[in-house]
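All remarks here apply to the structure that follows.
Residue numbers (the working numbering): 4 to 81.
Written out as structure tokens, the structure reads:
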């Protein structure tokens with residue numbers, strides 16, 4: 004199943020982006036990494052397979068954000 008996710012961006016009244024895409028992708032990867040560490044240390048009763056699947060999906064989303072930003076930057080004329 005292939006589902007598209009649309010993330011609304013927070014912009015001010017002048018159209019200035021208020022949240023950097025790099026911060027969002029870093030946050031997604033950080034959350035996944037912390038979940039994995041919780042499973043590895045056994046401090047939380049989390050299902051290992053579920054955490055692994057969710058972490059992979061977060062990393063895929065972060066990758067898509069990064070790729071979209073690179074494509075956008077590459078197409079920009081200076």
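We put the beta carbon where it would ideally sit given N, CA and C, even for glycine.
Computed from a predicted model, the values in this text were never measured in an experiment.
{"Check": "Rounded separation between residue 40 and residue 32 - CA only", "Outcome": "12 Å"}
{"Check": "With 16 other Cβ atoms within 10 Å as the buried cut-off, status of residue 65", "Outcome": "buried"}
{"Check": "Coil, strand or helix - residue 35 by DSSP", "Outcome": "helix"}
{"Check": "Straight-line Cα distance separating residue 35 from residue 59", "Outcome": "8 Å"}
{"Check": "Which of helix, strand or coil DSSP assigns to residue 71", "Outcome": "helix"}
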